[in-house]
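Have a look at the structure below, then the notes.
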Amino acid sequence: MNKVIPAPQKPWQPTFIDKLEDFSILVGSLGVAGAIVKFTGFNGKLGYFFAFFFTLLVANFAFHFLKRGMQAAKDSILQVLTAMAIFVTLIPIVSIVATVVSKGYKGLHWGLLTKDMALASVNDPIASGGLLHALVGTIIMVGGALIISFPIGVLTALYLTEINGKLARPIKFLVQAMSGVPSIVAGLFILSSLIYPVTKALSGLMGSLALTILMIPTIARTSEEMLRLIPNELREAGVALGGTQWRTVAGVVLPAAKSGLVTAIILGVARIIGETAPLLLVSGGGDSLNTNPTSGAMGSLPYYIWKAFLTGGTPEAFARAWGGMLVLLSFIFILFGLARYLSGRKVG
Amino acid sequence: MAIELKERPTPPAPRQITTKPRLSDQVFRTVVTIGGMASLVILGLIAIFLSIKGMHILVDEKFNFITESRWEVITDETGEVIEANFGIGAMLIGTMLSATIAILVGVPISVLSALYLTFYANGKLKKVLISVIDLMAAFPSLLFGFWGFFIFMSSAEYWAKLINKYLGFIPLFDVPTPIFERSPFIAGLVLAIMIIPIVTSISREIFDQTPLDRVQAAYALGATKLSMIKAVVIPYGRGGIIGGAMLGLGRAMGETVAVYTVLNVVYQVNWQVLFGAGGNVASLILLKFGEAGPYEVDALMAAGLILFLLTLIVNATADFLINRFGGKGR
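Read top to bottom, the protein sequences are chains A and B. According to this note's numbering, the first sequence holds residues 908 to 1255 in order. According to this note's numbering, the second sequence holds residues 562 to 891 in order.
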């Protein structure tokens, strides 16, 4: 007697026939939507989208109703709705990236990195002038903000994870509330607390301080998450070897969380690099290269883009602005890619 | 020979067993606690300094500052302020209007997207989609603003015309003159696009925490995905979703640059969402700041204070809801 060993099956997985049916409903709906647009009053992309959407809903509902009854039919509606929602979410991001790339490459040239706008107006031909001053200004201001907010952010995260005292709950809430502070309020705060009473002048340092307020919550929350990922065994091992809490944190926990803290820095930088409103109020936004953050107006990438869009009007000015936007967006892409790469690696 | 007796050695004092932290630890804990207080200090300072500059305006105007809709400064030749009337009523209404549109459009799409990411997408597709949406959350508002103005405006204007044509009998969708460009409706849609990534990732995190045993219990009882989501996921995550929506609301209310770019900032009360005039508090500050004299700047500080308190309240409610109801089923 030979035993029949049943081949393992996965009855819950969609079979080829199922996939074919789904696919044909999709294609059929596209076709029907095309017909509706052609023969009725609907027109344009929106008309096509709605026609497709409703046809798909109805077709799916009818098909599943006939195949498996009412419950399955209702279920299929949710599936169509969620898939449509993610589709709608993706349209803007694709459109934004495509716009910036297609309009921005015209504004790119090698002089961008070596010249500033001191001798050029936004309406001049693209080849004259560049964004050196904006790039340097952004790097100085973001760097300054980073120097101030990184220690504060990490200390907040350490308080929440290592000390976890009575105030942990309120502080967590305050960090959350701080991340909701509108960026323009950060600018107004620097104006009212430092610029009007003390310095009486706009400068890059003031821009840094305004950005610090926006950066601290991002760094604090990301570092907190990263520190929570450190296994407790490491802390216990440190203490068991006779280390005080300070030695344990400095010698074990922080080194183990190194790549996580770098991720926190990167996400913090990505958060503030495109921040415009506070810089419009406090940084002054000069057109010439200025490497001294404590005096004089300092340009920045967002300010450069803002100025080119609002004071220009010629195709050159728009090309310049979109070019600046492309540079800014590439920075964000690079930072984000780095953060993904680092946080994807194993902690430790 | 006498043995010289040494004094009996005294035993060492017993070691102190204590839970008192050493000096280094005390210093460490103090430093970390002080650093942890930074957020409290900064938020406090913001409130204090904005109050110092803006309080006398609030005292002069009393409740009119919130309810009235005037913004006028009359100065004589020397620049002395003779008379000034400040009221941000119109801008508060504008803030609420565009933020409400953003929530009404953005939140359903976000929640459905989050459901798709959690319960329908799998494997590589899920990873890619999550990365893309997180990336979108990091886009600067400047980018959304200019994209909205140059690319999105024409489509949105067409939609606004359609709504006006077929639903114009509702006062909300009526317009005094057919100007559909740069309306609160379009600004609201741009804000909706801005908050979708944020609300989506919060909802997704909350859906991810749904206890697996309950999900599987529902499936085992023969539930379809729809009935499982209705019976398990939604009751479990309701508070969290509302909290996420409130966070989106906070962001939409405080948004400056995107609204300033897309919206035609006009100082008037405008309820008609499709008509091209409106504003919000943040964009008012940016608009008026350029030519404001010292007295008017104080009024802008007061407006900033109101905006700050408003977003603080919204964020506090959001935080409360997420922590209180997030992750608790029935």
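Just so you know, even glycine gets a beta-carbon here, dropped at the ideal spot from N, CA and C.
Indicate the three-state DSSP secondary structure (helix, strand or coil) for residue i in the structure shown.
i	result
B:E633	strand
A:N1030	coil
B:N536	Lying outside 562 to 891, the shown extent of chain B, residue 536 of chain B is not represented and no answer is given.
B:L816	At residue 816 of chain B the sequence reads Glu, which differs from the Leu that was named. Coil at B:E816, not helix or strand.
B:G839	strand
A:V1088	coil
B:V834	coil
A:M1205	strand
B:A682	coil
A:V1061	helix
B:E852	coil
B:E568	coil
B:V827	coil
A:N1139	helix
B:A574	coil
B:V642	strand
Quick check: what's the CA-CA separation for residue i versus residue j?
i	j	result
B:F700	A:V911	59 Å
B:V668	A:A940	27 Å
B:F707	B:A663	17 Å
B:K629	B:I731	Just to set this straight, residue 629 of chain B is Glu in the shown sequence, not Lys. Distance between the alpha carbons of B:E629 and B:I731: 26 Å.
A:I993	A:F959	16 Å
A:V1254	A:P1138	A caution first: A:V1254 carries a pLDDT of 46, below 50, which makes its placement in the model unreliable, though a value can still be read off. When rounded, the distance between both Cα atoms is 9 Å.
B:G648	B:N625	6 Å
B:L750	B:S659	8 Å
B:G800	B:Y727	36 Å
B:L665	A:I1033	42 Å
B:I654	A:T989	32 Å
A:I1091	B:L808	17 Å
A:G1175	B:D621	40 Å
A:N1030	A:M1232	17 Å
A:M977	A:F970	10 Å
A:Y955	B:S674	21 Å
A:L964	A:L985	9 Å
A:A1226	A:A1025	18 Å
B:K614	B:V588	37 Å
A:Y1211	A:I1055	25 Å
A:A1075	B:A682	36 Å
Just to make sure I have the definition right: I need the residues of chain A whose C-beta is within less than 9 Å of the C-beta of residue i. Which are they?
i	result
B:S702	S1090, G1181, E1182, T1183 and A1184
B:L782	Within 9 Å Cβ-Cβ: nothing; B:L782 doesn't reach chain A, min ~12 Å.
B:Y727	Residues of chain A passing the Cβ test: none, with the nearest at roughly 11 Å.
Going along chain A in order, which residues have a C-beta closer than 7 Å to the C-beta of residue i?
i	result
B:N876	Q1083, A1084 and G1087
B:K614	S1099
So which residues on chain A does residue i lean against when the C-beta distance must stay under 8 Å?
i	result
B:I846	I1091 and L1095
B:D880	F1080, Q1083 and A1084
B:G811	G1087
B:F647	None at all; the shortest Cβ gap to chain A is about 15 Å.
Can you check which of these residues, the options, is closest to residue i by C-alpha distance?
i	options	result
A:S1086	A:A1041, A:L1118, A:L1053 and A:L933	A:L1118
A:E928	A:I1173, A:K974, A:V939 and A:L1095	A:K974
A:S1250	A:A1163, A:R1142, A:L1121 and A:M1232	A:A1163
B:I757	B:R590, B:M697 and B:G800	B:M697
A:G1072	B:A863, B:L845, B:Q587 and B:T594	B:T594
A:L1121	A:T1045, A:Y1248 and A:R1178	A:R1178
A:L1161	A:G1175, A:I1173 and A:G1145	A:G1145
A:G1018	A:P999, A:L1042, A:A1005 and A:L997	A:L1042
A:R1080	B:R583, B:L601, B:V588 and B:L871	Reading off the sequence, residue 1080 of chain A comes out as Phe, not Arg. That would be B:L601, whose Cα lies nearest to the Cα of A:F1080.
B:G837	B:Q777, B:F746 and B:V875	B:F746
A:G1244	A:A1005, A:I1173 and A:A1215	A:I1173
B:F705	B:Q777, B:A819 and B:M714	B:A819
B:A748	B:I763, B:E857 and B:L824	B:L824
Could you work out which residues of chain B lie near residue i, taking near to mean beta carbons separated by less than 8 Å?
i	result
A:Q1152	P582, D586, F589 and R590
A:Y1066	V593, T594, G596 and G597
Taking C-beta pairs closer than 9 Å, name the residues in chain B that residue i reaches, listed in chain order.
i	result
A:Q1256	Outside the modelled stretch of chain A, which goes from 908 to 1255, sits residue 1256 of chain A, for which no answer is possible.
A:E1131	The premise fails here: A:E1131 is roughly 11 Å from chain B at the closest Cβ pair, so nothing lies under 9 Å.
A:P1209	P701, L703 and V818
A:L1235	P701, L703 and L704
Just to make sure I have the definition right: I need the residues of chain B whose C-beta is within less than 7 Å of the C-beta of residue i. Which are they?
i	result
A:I1070	R590, V593 and T594
A:W1017	What A:W1017 touches in chain B: nothing, since even the nearest Cβ is about 24 Å away.
A:P999	I754
Regarding residue i and the ligand PLP, is the C-beta to nearest heavy atom distance less than 7 Å?
i	result
A:A1084	Because no ligand of any kind appears in the structure shown, any question about the ligand PLP cannot be addressed here.
Within the stretch 1157–1198 of chain A, note down every full alpha helix (DSSP H) run reaching 4 residues or more, in order along the chain.
-> For the stretch 1157–1198 of chain A, whole alpha helix (DSSP H) runs of length 4 or above, ordered along the chain, are 1165–1179 and 1184–1189.
Every unbroken alpha helix (DSSP H) within the stretch 977–1050 of chain A, with a cutoff of 4 residues, ordered by chain = Annotation note: the stretch 977–1050 of chain A contains the following uninterrupted alpha helix (DSSP H) runs of length 4 or greater, listed N- to C-terminal: 977–1011.
Unbroken beta strand (DSSP E) runs of length 3 or more, entirely within the stretch 918–954 of chain A: which are they?
-> Counting whole runs of 3 or more residues, the stretch 918–954 of chain A contains no beta strand (DSSP E) stretch at all.
Which ranges would you report for the alpha helix (DSSP H) in the stretch 714–787 of chain B if only whole runs of at least 4 residues count?
-> Annotation: the stretch 714–787 of chain B contains the following complete segments of the alpha helix (DSSP H) (minimum length 4 residues), in chain order: 714–728, 745–769 and 773–781.
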